[in-house]
Structures are given as C-alpha cells and as structure tokens.
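Student:
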Ligand code: AMP
Ligand code: GLY
C-alpha cells in the first residue's frame, strides 16, 4: 500500500468531531484500520458508540472544550466532520497545541463559510461557474435581477445550514428572498451580503477531493437526492439519499472535470496562500455547456460519505493522516467495483418541525453488506434507541449493481421499526432511468 508511511507510524488515538451520519461513517472506517486506534467521538452518537468509540459531551463548535478534550485524552489525531468548527478555526487551535488534524484551517474553511469568497476565487482563476454579482442593498439587487431575468438564484453569503440558497422560479420569489436576507433577520449576519447568480440547468454531482496542499486524490463519484419528496419534489433537505458511482460522470467527463475544475481549484487555493489539508467537496452542475462549479464545501458530504467511503479498499485512517501531514503523494487510493446506496430515514415532518424521542428498533441480526449509519439518534434513560434529529438513519448497502444495493437497503428500511420513519422510495431513480 503506502510507501513512505508504515502502519506503525499511524496515530494510536483518533478524535472524530461531530455527531451525524458522516461522522459515524468516518468512525466505522477508522475502526477498520490495521492501526486499530482508540477512537473518541465528540459529541458522537449511539452509532459511533456501537463501533467502539467513546463519546464525550463536547459540542462540535466548542473549540475550548475540544482542545481541552484532545489534551486531556492525549489524542494524537483529530478528524473534523462539520463545517462550523472548521470555519471557526478548530484546526488552527489544534495546531497550536501540536495535534495534527484532518480538515482545513479557518482560511480554508472560509471557502464554504463565504460563498462570495469562493465566487471571487472561481472568477479570478477562470474556473467555470455561473455569472454572479454581490449585493448589500436591496434596490441594486432587484435591478440586477430584473436585468438577468428569472429563474435566478439568491444566496446568503455565510453558513446557513443548507438553507441559504433560494432557486427562484420568478422575480417575486427572488425579491422576497433578497428582502428576507438583506432586511429580515432570518439569516443573521450570514445574510448581510447576498450573491445573485444565474440559474444553471442540468444534473448535479458531488466530487469529493482529498487535498493536501497541491496534492490531491479524487474520491469515487456520487449523486444525492436533495428534495424531501419522491420525483425530486418539495423542499430541499440536507440530502435524502445517495449512490456511488454516479454513472453520469463517465471516465471522459471525470477527466474533463479534473482538468477544468479540480486541478485548477486545488492550484488556485494554494496560490491564494491557503494550505488546505482536508476534503474539498465540489458541487458541480453538468450543464449543456460543460461542468460548472456551484459551490465548494470544505468537509465530507453527508450523506455522500456514507456511499463513498465503503468503496475505498485502502486504509481510510492512513489516507486522512497522510493528507493532514502533507504526505499524500504516493498514496494508493484503491477503489472497489461495488455500487453503494444510502437511503436516509427521516422523522415525519422533516425538513420542517418533527418529533423526537420515538423508539427505534433495528433488525437483529443486521443483513450482510448493510450498515445502518446513525445521523440523529440518541439513547434515552431506559437505554432505548430513539429519534433525535430530522435525518435519523442512513441505511447503506453495497452490492454488485445499484439495483442490488437498492434491494438490500430498502429491505432493511422496511425492517426498521419506528412510528415516525419516512424515506423516499426512489433513491437512484435518475440512474435507473438513464438509457
Ligand atoms: P449550494 O449550497 O451553493 O450548492 O446550493 C445548494 C443547491 O442549490 C445546489 O445543490 C443546487 O441544487 C442549487 N443551486 C445553487 N446554485 C445554483 C445555480 N447557479 N443554478 C441552479 N441551481 C443552483
Ligand atoms: N449532502 C450535501 C452536503 O453535505 O452538503
């Protein structure tokens, strides 16, 4: 496998920061490392605990608490899941105490935390992206929107938990979004500047790239279903299901994406003076004029991680560790031929208000090649697993075909007992319907 790092150089203890499905998937893969590290999670969830991680009640955005935990537990490596602690500078703080971490420092985290910063980089380096302008005042924003016409996209600059992007089908909807952001208080300081962007049409794909300075490795392709409803209808969510590979991204298209988007992005970020060591998640629209960047995220996707990591046949801990040390070059990223699907089980009502505390009973024994990844679960006082979030579980299956993975995942979804469970029954539809 690796040449310049041997397993006995790998960390013997790892802290995973976060509490969702992405972090459970990371814990699951790290637990399989030949290095067999001690795993801590903060705040963690019952799924991570079931993989052998010890969970510590420190919130992901509590930087002081996280640094104290890493120190007290003599943690040798930290893997940061969510974007908020990255943008706040958790990795900078860990560097100060000499603990290597996977994830960019605050200057890299800004690529997700400011859509305007990203747009400026994309424009400066000529990386394909939709034309856009920045506004802080309503009237000029409205005038610009009228000049571009609908449909048009309004984006709050800052982090808004996935809710800061409005794809408006007419100008009155766009105007309401601009007023909400610039005059209302719905987005707080995240909405004090807006980006108004031409609407792109096409299919979306997520390209996850492990970056270490100017070195990078592209992970297997995936696609997610963002809307709550079947047929991709209803409000946007954090993601209701994913699959990998995304066959729409043919090897030729992937080459084009690497040449026009991935390599120039990694170079641009380094040229901006950012020493990025983490996951660059590039949201891409496959338009009739070629692939175009929708956004950068600076972390693994959720639920993309759930389908991408099981397709890696290498040691994921070693991959992340080497990226964090600037030693990614020469790492052998071996990918298997399997198809993976993740079906998200949500609480009825999500993405609006939903109940918490409903009992969940998982199938015993778990079917082979299926992993039930915990996203929003908790254990109540009687030790019963209960719902604790909008997205509750990610039922992930691996098989020789996407159909096989879907059959396995859906059979398991049916066997999960929970009164408030809802899930889409058409994950993968785009790929199944492709000619
Ligand atoms: P973002 O967080 O910027 O990726 O935006 C969230 C979602 O909004 C994307 O996944 C797309 O579905 C949609 N979106 C963002 N920008 C555009 C655009 N310029 N044209 C069409 N849809 C967009
Ligand atoms: N699934 C989309 C995201 O993680 O941003």
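Numbering (our numbering), first residue to last: 22 to 456.
The C-beta atom is built at its ideal place from N, Cα and C for all residues, glycine as well.
Tell whether a beta-carbon distance below 8 Å holds between residue 159 and residue 199.
Tutor: yes
Student: Any heavy atom of ligand 2 closer than 7 Å to the beta-carbon of residue 288?
Tutor: no
Student: CB-CB under 6 Å to residue 269, same chain, minus the five flanking residues each way: which ones, in chain order?
Tutor: 224
Student: Residue 364 and residue 431 - do their beta-carbons sit closer together than 8 Å?
Tutor: yes
Student: Below 8 Å on the Cβ atoms is my contact criterion, and I expect residue 419 with residue 327 to pass it. Report the Cβ-Cβ distance as a whole number of Å.
Tutor: Contact doesn't hold; Cβ gap of about 11 Å is too wide.
Student: Between residue 267 and residue 300, is the Cβ-Cβ spacing less than 8 Å?
Tutor: No.
Student: Between 161, 381 and 367, which lies nearest to residue 375 when the distance is taken from Cα to Cα?
Tutor: Looking from the CA of residue 375, the closest CA among 161, 381 and 367 belongs to 367.
Student: List the DSSP bridge partners of residue 76.
Tutor: 62
Student: If we call anything under 8 Å between Cβ atoms a contact, is residue 262 one with residue 331?
Tutor: No, these two residues do not count as a Cβ contact at 8 Å.
Student: Under the assumption that residue 38 contacts residue 51 (Cβ atoms under 8 Å), give the Cβ distance between them as a whole number of angstroms.
Tutor: Their Cβ separation, rounded to whole angstroms, is 13 Å, which puts residue 38 and residue 51 out of contact at 8 Å.
Student: Please indicate yes or no: does the CB of residue 178 lie closer than 7 Å to some heavy atom of ligand 2?
Tutor: no
Student: Do the CB positions of residue 123 and residue 361 come within less than 8 Å of each other?
Tutor: No, these two residues do not count as a Cβ contact at 8 Å.
Student: Can you tell which of 354, 357 and 410 has the C-alpha that lies nearest to the C-alpha of residue 381?
Tutor: Per the Cα distances, 410.
Student: Mapping DSSP to helix, strand and coil, what is residue 45?
Tutor: helix
Student: Let me make sure I understand the geometry here. Which of 246, 255, 66 and 30 has the alpha-carbon closest to that of residue 452?
Tutor: 246
Student: Ends of the alpha helix (DSSP H) at residue 264?
Tutor: No alpha helix (DSSP H) contains residue 264, which is instead part of the beta strand (DSSP E) from 262-265.
Student: Is the CB-CB distance between residue 99 and residue 79 below 8 Å?
Tutor: no
Student: For the structure I just gave you, are there three or more beta carbon pairs, one from the region 57-70 and one from the region 306-322, closer than 8 Å?
Tutor: no
Student: With distances taken Cα to Cα, identify the nearest neighbour of residue 448 among 217, 249, 169 and 133.
Tutor: 249
Student: Tell me whether residue 449 counts as near ligand 2, meaning its Cβ is closer than 7 Å to at least one heavy atom of that ligand.
Tutor: no
Student: Is the distance from the Cβ of residue 108 to the Cβ of residue 130 below 8 Å?
Tutor: yes
Student: Going by DSSP in three states, residue 176 sits in which element: helix, strand or coil?
Tutor: strand
Student: Could you check what DSSP says for residue 98 in three-state terms: helix, strand or coil?
Tutor: strand
Student: What's the C-alpha gap between residue 384 and residue 70?
Tutor: The straight-line gap separating the alpha-carbon atoms of residue 384 and residue 70 is approximately 18 Å.
Student: Rounded C-beta distance between residue 31 and residue 338? I'm assuming under 8 Å.
Tutor: 6 Å
Student: Using DSSP bridges, identify the partner residues of residue 362.
Tutor: 264 and 418
Student: Below 8 Å on the Cβ atoms is my guess for residue 92 versus residue 118; work out the distance and round it to an integer in Å.
Tutor: 6 Å
Student: Taking any heavy atom of ligand 3 as the mark, which residues have a C-beta closer than 5 Å to it, listed down the chain?
Tutor: No copy of ligand 3 occurs in the structure displayed; its ligands are ligand 1 and ligand 2 alone.
Student: Please classify residue 398 as buried or exposed, where buried requires at least 16 other C-beta atoms within 10 Å of its C-beta.
Tutor: buried
Student: Just to confirm before moving on: does the CB-CB distance between residue 62 and residue 81 stay below 8 Å?
Tutor: no
Student: Return helix, strand or coil for residue 306, following the three-state DSSP convention.
Tutor: strand
Student: Are there 16 or more other CB atoms within 10 angstroms of the CB of residue 312, so buried, or fewer, so exposed?
Tutor: buried
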